[in-house]
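Asker: Handing you this structure, nothing more for now.
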Amino acid sequence: MKHIAVFASGNGTNAENIIRYFQSADNGAEVSLVVCNRPDAHVLQRAERLGVPSCVISRDMLRDQETIMSLMRRYEIDFIVLAGFLLMIPPFLVGQYNRRMLNIHPSLLPKFGGKGMYGDNVHKAVVAAGEAETGITIHFVSEQYDEGDILFQASTPVEATDTHEDVARKIHELEQIHFPRVIAGALLSC
Ligand code: GAR
Numbered sequence: 144m145k146h147i148a149v150f151a152s153g154n155g156t157n158a159e160n161i162i163r164y165f166q167s168a169d170n171g172a173e174v175s176l177v178v179c180n181r182p183d184a185h186v187l188q189r190a191e192r193l194g195v196p197s198c199v200i201s202r203d204m205l206r207d208q209e210t211i212m213s214l215m216r217r218y219e220i221d222f223i224v225l226a227g228f229l230l231m232i233p234p235f236l237v238g239q240y241n242r243r244m245l246n247i248h249p250s251l252l253p254k255f256g257g258k259g260m261y262g263d264n265v266h267k268a269v270v271a272a273g274e275a276e277t278g279i280t281i282h283f284v285s286e287q288y289d290e291g292d293i294l295f296q297a298s299t300p301v302e303a304t305d306t307h308e309d310v311a312r313k314i315h316e317l318e319q320i321h322f323p324r325v326i327a328g329a330l331l332s333c
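Sequence positions in the sequence shown follow the numbering used here and run 144 to 333.
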């Protein structure tokens, strides 16, 4: 059995979808831990409801190698998924989970990536730029924001009348369809 940790900072729709996918499929993996940097984040309630242990960490704890690696060892974590996690991953963790850590970004990288580009900020920028399409990018995590090797992209049209809420809804649908399946594929080769 492979053990996945999902790192998330907010609502946690992706975290919940990933947890449910691995709970319902007999594919040799499960989400064993949710790591969150905000004690009031809704993802923590989702994890509790689904019976997955969670841990709240501060920015300083994330940067402390012994703290994080002992947490990863305690839950025997093989693979890390960033699902709306907004803190920078420290280099030691990128190194330890080289090609075993995936992030999802709500645009077609390299467009609309980098620091400050998350959630609605991305959708607002896409609409403001008059893009004809947007999408999701699932990539391995490197030491730079949004720059690791891309594993998967899916696109969706942006209509001239779309608001950033419309774009958010389309992105959400793509994330729900594709993210768990792409994680399962990446797990096969790690
Ligand atoms: C998702 O849309 C994800 O792509 C985005 O945050 C949202 C989290 O939603 N990630 C980023 O913007 C990373 N730069 P959720 O908490 O409902 O899963």
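Glycine included, C-beta positions come from ideal geometry on N, C-alpha and C.
Please give me, in chain order, every unbroken run of the beta strand (DSSP E) with length at least 3 that falls completely inside the segment 270-326.
Answerer: List check, beta strand (DSSP E) in window: 276-283, 293-300.
Asker: What residue does the alpha helix (DSSP H) around Phe235 start on, and which one ends it?
Answerer: Here the question's residue 235 lines up with position 92 in the sequence shown. 234-239 is the span of the alpha helix (DSSP H), which, as asked, contains Phe235.
Asker: When you measure from the CB of Glu302 to every non-hydrogen atom of ligand 1, does any distance come out below 7 angstroms?
Answerer: Mapped onto the sequence shown, residue 302 falls at position 159. For ligand 1, not one heavy atom lies less than 7 angstroms from the Cβ of Glu302.
Asker: Is there contact between the segment 240-251 and the segment 264-281, where contact requires at least three CB pairs shorter than 8 angstroms?
Answerer: A contact exists between the segment 240-251 and the segment 264-281.
Asker: So, with DSSP's three-state summary, where would you put Ser332?
Answerer: Translated into the one-based positions of the sequence shown, residue 332 becomes position 189. Three-state DSSP puts Ser332 in coil, outside helix and strand.
Asker: Measuring CB to CB, does Ile232 end up less than 8 angstroms from Val284?
Answerer: Taking the sequence shown and counting its residues from 1, one reaches residue 232 at position 89. Taking the sequence shown and counting its residues from 1, one reaches residue 284 at position 141. Taking 8 angstroms as the Cβ cut-off, Ile232 and Val284 qualify as a contacting pair.
Asker: Pull up the CB-CB distance for Asn170 and Arg202, whole angstroms please, since I reckon it's below 8 angstroms.
Answerer: Translated into positions along the sequence shown, residue 170 becomes position 27. Translated into positions along the sequence shown, residue 202 becomes position 59. Contact flag wrong, Cβ pair sits at about 34 angstroms.
Asker: Does Glu209 come out as helix, strand or coil in the three-state DSSP assignment?
Answerer: Counting from one through the sequence shown, the residue named residue 209 turns up at place 66. In the structure shown, Glu209 sits in a helix (DSSP, three-state: H, G or I).
Asker: Which value, in whole angstroms, describes the spacing of the CA atoms of Pro196 and Val310?
Answerer: Here residue 196 is taken as the residue at index 53 of the sequence shown, counted from 1. Here residue 310 is taken as the residue at index 167 of the sequence shown, counted from 1. Each residue's Cα considered, the two are about 32 angstroms apart.
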